[in-house]
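Have a look at the structure below, then the notes.
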Amino acid sequence: MAEKPIQGEKRVFMTGNEVVAWGALAAQADIMYGYPITPQNEIMHYWSRLAPKHGKKFLQTEDEISAGFTTIGGTIIGARAFTGTSGPGNTLMQEPMSMAEMYRVPAVFIIQQRGGPSTATVIYSQQEVTLTTFGGNGEGYRIVYSTATHQELFDYTIKAFNTAWKHRFPTFVLADGYQAKMREPLTIYDPEAKGIEMVPTVPTLGKEGVPGVDRPPVHMTNTRNTEEELYEVVKGLQAAYEEMWPEVEEHEAVECEDAEIIIVCHGVVTRSARVAVSQLREAGIKAGYFRPITLRPFPVEPMKQSIKGAKQLLMVESAQGQLARLVKDSIYGSTIPIEPMFRPGIGISSEEIVEKVQSLIK
Amino acid sequence: MAEKPIQGEKRVFMTGNEVVAWGALAAQADIMYGYPITPQNEIMHYWSRLAPKHGKKFLQTEDEISAGFTTIGGTIIGARAFTGTSGPGNTLMQEPMSMAEMYRVPAVFIIQQRGGPSTATVIYSQQEVTLTTFGGNGEGYRIVYSTATHQELFDYTIKAFNTAWKHRFPTFVLADGYQAKMREPLTIYDPEAKGIEMVPTVPTLGKEGVPGVDRPPVHMTNTRNTEEELYEVVKGLQAAYEEMWPEVEEHEAVECEDAEIIIVCHGVVTRSARVAVSQLREAGIKAGYFRPITLRPFPVEPMKQSIKGAKQLLMVESAQGQLARLVKDSIYGSTIPIEPMFRPGIGISSEEIVEKVQSLIK
Amino acid sequence: MEFDISMPKCWRRETKGHKFCPGCGHGLVLKALGLAIDELQIQDRVVFGCDIGCSLLAYDFFNVDTMQTHHGRTTPVITGIKRARPDRIGIAYMGDGGGYAIGSQHLVNAAARNERITAILVNNTVYGMTGGQMAPTTLPGMKTETSPYGREISQTGYPTQGPEMVAAITREGAYVARGTVGKLSQLKNMIKKALETQIAGTGFSFVEALSTCPTNWSTNAKDTWSFLEDEMTKYFKVGELKVPAKEE
Amino acid sequence: MEFDISMPKCWRRETKGHKFCPGCGHGLVLKALGLAIDELQIQDRVVFGCDIGCSLLAYDFFNVDTMQTHHGRTTPVITGIKRARPDRIGIAYMGDGGGYAIGSQHLVNAAARNERITAILVNNTVYGMTGGQMAPTTLPGMKTETSPYGREISQTGYPTQGPEMVAAITREGAYVARGTVGKLSQLKNMIKKALETQIAGTGFSFVEALSTCPTNWSTNAKDTWSFLEDEMTKYFKVGELKVPAKEE
Amino acid sequence: MDLKSNSYTIEGEKAYFTLFPTLCKGCGLCMEKCPVKVIEWSDKLGVYGTPAVQVKEDSKCTGCKICELVCPDCAITITPKRKAK
Amino acid sequence: MDLKSNSYTIEGEKAYFTLFPTLCKGCGLCMEKCPVKVIEWSDKLGVYGTPAVQVKEDSKCTGCKICELVCPDCAITITPKRKAK
Amino acid sequence: MAKLVKIALAGEGGQGVQSVAGILVDAAYDEGKEALYIPNFGVEQRGGVSIAFCQISDERIGAPKFEKADIVIALSDRAVRRCAQYAGPETVFLYDASITGIEDDLPGPPVKVLGIPALKVAKDELHPRVFNVVILGATIKATGVMTLDQVKKALEKKLGYKFEQNPELRELNYKALERGAELIGAVL
Amino acid sequence: MAKLVKIALAGEGGQGVQSVAGILVDAAYDEGKEALYIPNFGVEQRGGVSIAFCQISDERIGAPKFEKADIVIALSDRAVRRCAQYAGPETVFLYDASITGIEDDLPGPPVKVLGIPALKVAKDELHPRVFNVVILGATIKATGVMTLDQVKKALEKKLGYKFEQNPELRELNYKALERGAELIGAVL
Ligand SMILES: Cc1ncc(C[n+]2csc(CCOP(=O)(O)OP(=O)(O)O)c2C)c(N)n1
Ligand SMILES: Cc1ncc(C[n+]2csc(CCOP(=O)(O)OP(=O)(O)O)c2C)c(N)n1
Ligand code: SF4
Ligand code: SF4
Ligand code: SF4
Ligand code: SF4
Ligand code: SF4
Ligand code: SF4
Ligand SMILES: [Mg+2]
Ligand SMILES: [Mg+2]
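Top to bottom, those sequences are chains A, B, C, D, E, F, G and H. Note that the numbering used here has the first sequence beginning at 197, numbered continuously upward. Note that the numbering used here has the second sequence beginning at 197, numbered continuously upward. Note that the numbering used here has the third sequence beginning at 19, numbered continuously upward. Note that the numbering used here has the fourth sequence beginning at 19, numbered continuously upward. Note that the numbering used here has the fifth sequence beginning at 39, numbered continuously upward. Note that the numbering used here has the sixth sequence beginning at 39, numbered continuously upward. Note that the numbering used here has the seventh sequence beginning at 7, numbered continuously upward. Note that the numbering used here has the eighth sequence beginning at 7, numbered continuously upward.
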């Protein structure tokens with residue numbers, strides 16, 4: 197445990213799943229719980245190779261329900277714990293996630309989206325946006341980062357632990373099968389070397405002392421006997437959520453100031469938007485892109501600000517309007533027309549975006 | 197099996213759960229699969245009492261996952277099958293539901309919403325709207341009826357089977373703990389006596405003949421090896437969904453024509469809106485209400501039509517903006533201000549609505 | 019002369035009378051557990067998890083850190099805790115529905131992996147909290163809300179033999195037993211051995227407790243006892259099924 | 019002289035070569051199953067369900083109506099089918115991950131309820147389809163992607179004894195056996211008996227088949243056989259564990 | 039609420055029988071298990087407003103403590119006379 | 039594709055050994071199981087472009103059919119001579 | 007008679023609150039009225055306050071629950087505390103006069119708060135078991151939503167088979183109903 | 007040299023497509039370039055066409071997949087069919103000349119379609135096992151994205167320990183690389 201897994205910083209060329217394992221290691225995660233599912237398997241593979249060397253632990257559970265609940269158990273007792281899943285596994289894990297919301301358990305979940313609905317493909321999609329932001333029988337009291345590059349995958353894996361433990365909402369890194377499986381260069385680092393301090397973990401259960409003698413026992417229930425009680429609880433969650441919102445929300449707005457058309461996208465599609473915007477600008481078209489980095493809490497004000505001058509929004513996502521719903525919920529009242537470019541379950545190239553924009557502009 | 201469970205029609209006074217059991221019986225449902233959860237238990241209780249008397253079947257499964265998948269099994273082999281659940285059970289059942297979407301299995305699901313997130317209360321809420329309309333790792337290819345009265349609970353239970361089997365999307369009756377547990381009068385009837393013909397069921401698997409000899413075998417897979425294949429599949433689902441949309445969407449718009457303020461609500465809250473509107477009208481306030489009956493597919497055009505003249509919308513729901521998201525997604529582009537009245541997990545009275553409207557109007 | 023209440027030391031008095039129905043066996047199982055914790059003097063190390071089911075009513079029962087989880091999910095929560103903090107003593111407390119139906123994958127896999135936790139399962143032959151539906155342990159012919167004409171074994175099988183199943187899947191080092199609230203000292207000793215097994219770290223420990231649910235059985239005191247002692251024991255054999263070898 | 023392909027009659031030739039890897043035992047289990055279906059002449063009544071796991075590759079394998087389900091969920095799908103249409107013969111085909119891990123609640127509860135279905139579970143000691151992670155059945159010391167330093171039984175327990183567990187929870191009328199693709203005729207006979215049990219309606223039927231996964235084992239043909247026959251059988255005893263009484 | 043409030047003690051030949059009505063739910067389990075059948079309904083009310091229990095006067099209570107053990111609510115304390123004081 | 043295309047048959051003393059390359063994946067399982075070790079790699083290619091198998095010429099193949107049975111792909115047909123024709 | 011009458015009836019588990027509510031709405035339904043009844047329920051099978059929300063009207067009824075009741079009947083100390091929230095300016099708040107220690111929890115004016123000796127009457131004059139029928143009588147009278155005869159019909163329907171066996175029981179129940187009504191008449 | 011080179015390399019399971027791609031991007035990365043490589047993957051562990059999508063650039067790279075490649079290399083009939091979609095007007099489409107029955111599946115003009123006898127060369131002149139290295143050489147040459155020497159370094163890094171034991175292996179590999187490059191030189 198003494199030796200740091202990464203000294204200073206280091207340029208590497210690896211798959212996204214490996215990046216996540218290194219990110220968690222850099223973030224001093226103590227334990228991973230998980231159940232295999234493509235395309236997130238290699239997070240577990242790398243972690244289970246690396247973990248014992250650094251005094252870390254790994255448990256393969258019997259299913260995703262168990263992976264989620266063991267992760268909650270580990271977190272509640274004070275370990276920096278995480279899990280990863282995808283697709284049908286993400287669906288199943290909503291049950292523990294909803295409990296994590298209610299108890300404000302700072303567990304970290306890595307989601308590598310695959311195609312849906314159902315088993316569909318093991319490859320790629322952005323079809324788990326609704327599920328990851330608002331899944332379960334609740335109100336989506338979660339924090340969801342959507343990454344676009346391996347560098348971000350590393351950065352936000354570390355950040356997820358800090359956000360979770362600081363604000364005590366379950367926190368998600370939402371990537372996808374492309375990011376999981378592809379290799380590209382990035383710099384991994386020891387957070388401390390970058391001045392990033394890891395928020396210390398605290399046990400909720402199992403603190404020192406004899407409960408009832410040295411201190412009151414901790415008694416956790418999430419069950420209420422009356423509607424009125426529940427209403428107060430949910431209002432409390434909502435208030436806490438709104439309070440951390442401005443601090444946590446993140447976005448990227450590129451060339452939006454004078455843009456006539458703004459591409460709205462998130463995650464890996466951002467990469468295509470980026471290329472498209474630079475090509476469109478070269479072609480003299482005033483294009484920009486806006487991208488929420490936190491899908492929850494959504495960067496509402498920054499988005500309203502960024503799109504103000506635009507004549508048109510082009511919604512681009514590898515799903516049938518899942519991001520679009522979040523956007524419309526956020527900017528309702530705006531009259532800027534939104535053109536959909538929905539490609540459920542399939543990648544989107546910069547060429548396609550350029551073509552679409554050109555067809556809209558003329 | 198010979199004798200009809202209900203002859204002609206009959207006025208009764210019963211709980212909503214009993215209504216559902218009778219509705220399913222009237223609809224000639226063959227089998228119910230289910231796992232206990234409050235507040236839907238009595239559907240199972242009544243069904244398991246009634247079923248054997250009418251040659252119907254019941255299976256209590258080991259959990260909701262199994263309840264969902266056995267229901268799919270029953271439906272696929274040609275039985276008119278259904279299940280019921282709530283809250284955490286609804287969360288778990290998303291896994292089978294997502295498979296039902298992909299395979300277009302005409303299974304019927306009755307959801308009696310309870311408080312959330314997590315275990316919360318066994319009482320009431322409207323917090324399962326997102327989950328029921330868009331749960332799972334997919335795009336929400338489902339049909340969801342939201343009921344307000346026992347009469348509707350009966351009518352739409354019957355209708356759900358017909359919609360499901362006609363359009364072959366999993367179909368939901370979304371009610372809540374209030375409706376489940378309360379007693380009020382309604383008229384139950386034999387659908388035939390009302391000119392309602394039950395859409396015949398057809399087995400997908402297990403038809404007559406030796407597969408490969410008399411007919412090709414039926415081979416169902418929902419797994420694709422490439423993104424392109426999946427994209428075609430999802431586009432196909434989307435096209436089919438859009439095609440049935442106008443036929444299936446339903447709404448209720450009351451006093452909207454000249455309304456300055458329109459209350460937007462669904463389900464049991466509609467009852468309060470109804471009373472509120474009549475009281476407000478008496479007080480000279482031009483109020484109306486709009487209520488989607490199908491939350492999926494959402495009555496987009498009717499809503500746009502209905503609210504055209506309004507100066508303000510008041511969104512009233514026992515959730516933190518779950519209906520609001522559906523609404524904003526549907527009417528984006530409108531500039532009518534929306535005032536939220538979100539009461540997650542708790543009932544909403546007509547008094548509260550009246551008060552709120554008065555505060556807005558002045 | 020002042021007489022004190024005779025209550026296990028680790029019971030939390032501030033939350034008593036507890037929330038269980040009159041005559042509910044949960045109180046007795048928790049008494050046996052309380053006495054075992056007292057005797058082992060482990061109150062400061064125990065983390066107690068309770069399920070959804072009437073066991074949730076125990077969330078504030080002990081002067082012990084406690085987390086109420088979801089229906090069937092107490093086993094994985096306690097497993098997660100124990101894996102992260104092996105110095106804690108994890109107890110997963112659940113009903114027969116939670117353990118043998120919705121959470122059975124967790125139970126059998128925790129057993130198979132030999133998780134160093136203690137699972138205590140209250141077998142009251144019904145789904146108590148939800149109002150008396152059939153449980154995996156419902157007796158043949160017994161009427162419940164979902165077997166209104168009596169459980170038909172040709173349709174729904176025999177009552178689940180939980181400890182037998184767990185014993186079949188565990189290996190040496192594990193402790194598996196079935197006790198009953200009708201023999202409270204024996205039950206306490208079984209729970210104690212289960213906890214000792216966990217402390218020794220030899221393997222998984224599991225105690226099923228035959229218990230009463232007068233509310234859903236609709237029984238008076240006399241019938242409650244006789245259902246427990248005469249009817250249930252016809253199908254559920256009380257005793258130890260697996261004991262860690264002494265010399266390990 | 020023309021020589022015909024020697025293939026079970028119910029195999030669908032249009033979809034052959036099948037999708038399994040070279041040397042994969044799934045092909046052999048499905049051969050045993052195909053032969054059993056042929057012998058019993060039930061091709062027109064069988065409904066075949068396959069799991070997610072490499073078993074999904076069998077979704078178009080037979081001239082038999084087939085539904086590929088979700089990971090671990092084939093048992094409930096087939097149960098649902100059988101309950102609605104008891105005249106069909108339902109077969110749930112799954113891997114060890116699907117049956118003993120994620121779907122174990124379905125397996126044990128179908129067994130406990132004595133569902134009149136036939137479950138066939140392919141034990142290849144790994145998660146094949148996802149690329150070779152540890153399964154409940156992974157052997158002690160065996161290296162997999164998630165036990166890269168060899169399965170440590172003190173941490174993750176012994177290989178799951180599936181048929182033993184199922185046998186412990188079923189009652190008279192059920193059929194439970196463990197066969198191996200190394201003894202194909204025996205395996206075929208076990209599957210046949212399982213199907214006969216279902217047809218007779220006496221109870222649940224379950225066959226675990228020890229099987230090969232050369233891809234994830236990284237074995238050549240010789241080592242494949244010896245792992246199956248010498249290593250696996252150290253932990254998994256081949257034979258019948260429960261047979262319906264003749265006189266029932 | 040003080041758990042001991044309204045408690046009452048009945049002295050028997052061999053033991054003191056103390057009942058804490060704040061705990062007694064009137065389930066009757068103790069009654070059935072008393073080997074000498076000396077527990078009866080009291081006209082004091084327990085926590086649910088239903089009758090609590092007491093030992094019969096001049097009871098043959100042996101101080102065996104079975105009732106104490108089987109009470110799910112710990113509403114009974116038996117103090118054998120040897121030990122008492 | 040015709041499953042029988044490119045199939046080849048080798049006549050042994052006691053049996054005909056027929057191989058269907060459209061089915062043979064070259065796993066080698068048959069080889070290991072042949073009790074008299076007469077199966078060898080062929081220079082014909084199987085469905086995956088890897089070598090298929092054949093029996094050695096003048097083979098002592100007994101016609102026991104074990105190879106046929108253990109082939110997961112049903113790529114071998116053994117026709118004992120008595121039966122053939 | 008009011009167009010819509012809202013009633014909240016609350017007590018401890020054993021006090022028969024839900025069965026009183028059941029008979030009440032049954033009677034109303036049988037008389038051709040609109041009626042809506044919703045029990046409150048938490049997770050405990052026993053224990054906790056039990057509340058019945060009833061509404062009776064000539065017209066279609068709105069939400070199942072309401073802010074303020076026309077009449078609240080609270081039969082235990084905890085019930086008094088739980089139900090104070092349903093008392094508004096127009097509410098009649100009835101409680102059993104034997105309940106102690108609630109002085110500070112009763113709603114203040116303008117709520118009309120009335121203690122009635124229902125338990126005492128039941129115990130002393132009738133039988134403790136018909137306490138809830140006394141309450142039923144009081145409720146009927148207080149709301150004026152039905153006549154006693156109509157409720158008797160409902161009682162007959164529900165308990166008729168018992169009355170046949172034991173006609174004194176009928177007498178007892180009718181009596182309890184009437185005494186309940188009288189108790190209200192005396193205080194209103 | 008082009009700013010961004012997009013390569014789609016496709017073959018059957020055993021043909022070593024993914025390892026060629028791996029060496030290619032490793033070499034590029036080691037040379038300080040931006041590189042991105044994504045394997046395609048379905049559910050079958052074996053079987054199915056295996057495709058590697060590679061991009062090499064001096065600048066940050068966009069989407070992991072692309073519409074049209076600069077160069078497509080298809081090593082089997084199924085690979086040819088699967089990859090036709092990645093051929094655009096600017097694409098060079100290479101396939102192994104030994105593949106038969108694909109005449110109708112090859113993309114038409116303006117795509118530059120070239121058959122190269124890589125398999126034959128490997129078999130006849132070198133060793134069948136270095137078929138994929140021949141392909142690597144051809145790819146390098148066709149894209150011009152790196153020099154052969156840079157790739158040799160990458161090979162050395164990956165297989166150096168084997169080369170030490172058996173220096174002939176090094177020779178063989180280098181030869182294969184060069185022959186691959188020559189094959190392209192001849193047709194381009
Ligand atoms: C996922 C889920 N499904 C169903 C329920 C409803 N539920 C709550 S408790 C319970 C049964 C409890 O029975 P058991 O586990 O035997 O405990 P008991 O109450 O009998 O002690 C059920 C089905 C739930 N809370 N969550
Ligand atoms: C809910 C869910 N979790 C995980 C997966 C990923 N997954 C697919 S197959 C598989 C394992 C298959 O192993 P096994 O059941 O042993 O079958 P095998 O491939 O070995 O035959 C897993 C974990 C999934 N598809 N769905
Ligand atoms: S319902 Fe049964 S198990 Fe639950 S508390 Fe009451 S008696 Fe106990
Ligand atoms: S991965 Fe293993 S189990 Fe799956 S098809 Fe290949 S050999 Fe068979
Ligand atoms: S101590 Fe024994 S004898 Fe005395 S009352 Fe209790 S049970 Fe009866
Ligand atoms: S067992 Fe306890 S709670 Fe029950 S009646 Fe006896 S003293 Fe009272
Ligand atoms: S077992 Fe079958 S597939 Fe394998 S090498 Fe032999 S003939 Fe070919
Ligand atoms: S038939 Fe028998 S002897 Fe002949 S090749 Fe096959 S296994 Fe060998
Ligand atoms: Mg129970
Ligand atoms: Mg497997």
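By construction, the Cβ of each residue, glycine as well, lies at the ideal position given by its N, Cα and C atoms.
Could you tell me the boundaries of the beta strand (DSSP E) in which residue i lies?
i, result
"ALA212 (chain C)", "Careful: ALA212 (chain C) lies outside any beta strand (DSSP E), inside the alpha helix (DSSP H) at 202-218."
"MET228 (chain B)", "227-230"
Given 7 Å as the limit, tell me if residue i has its C-beta closer than that to any heavy atom belonging to ligand 9.
i, result
"ASP36 (chain G)", "no"
Grab the span of the alpha helix (DSSP H) containing residue i for me, first residue to last.
i, result
"LYS147 (chain H)", "137-149"
"ASP241 (chain C)", "239-244"
"LEU161 (chain G)", "154-171"
Using only the heavy atoms of ligand 4, determine whether one of them is closer than 7 Å to the beta carbon of residue i.
i, result
"MET147 (chain D)", "yes"
Any heavy atom of ligand 10 closer than 7 Å to the Cβ of residue i?
i, result
"ALA153 (chain D)", "yes"
Rounded C-beta distance between residue i and residue j? I'm assuming under 8 Å.
i, j, result
"LEU5 (chain H)", "GLY186 (chain H)", "One cannot answer for residue 5 (chain H) here, as it falls past the ends of chain H, which runs 7 to 194."
"GLY71 (chain C)", "CYS231 (chain C)", "About 11 Å separates the two Cβ atoms, so there is no contact after all."
Given 7 Å as the limit, tell me if residue i has its C-beta closer than that to any heavy atom belonging to ligand 1.
i, result
"SER63 (chain G)", "no"
(message) With three or more beta-carbon pairs closer than 8 Å as the criterion, would you say the region 254-270 of chain A touches the region 291-309 of chain A?
(response) Because the criterion of three Cβ pairs below 8 Å is met, the region 254-270 of chain A and the region 291-309 of chain A touch.
(request) Kindly provide the ranges of any beta strand (DSSP E) runs that are 3 or more residues long and lie completely inside the region 261-338 of chain B, ordered along the chain. (result) 277-281, 304-309
(message) Quick check on the DSSP output: what are the complete alpha helix (DSSP H) runs of length 4 or more inside the region 48-136 of chain C, in order along the chain?
(response) Listed in chain order, the complete alpha helix (DSSP H) runs (minimum 4 residues) inside the region 48-136 of chain C are 92-102, 122-130.
(request) Would you mind listing the alpha helix (DSSP H) stretches within the region 415-451 of chain B that are 4+ residues and don't spill past its ends, in chain order? (result) 423-444
(message) Contact between the region 393-408 of chain B and the region 365-384 of chain B is defined here as three or more beta-carbon pairs at a separation below 8 Å; is this criterion met?
(response) At 8 Å Cβ cutoff, the stretches do not touch.
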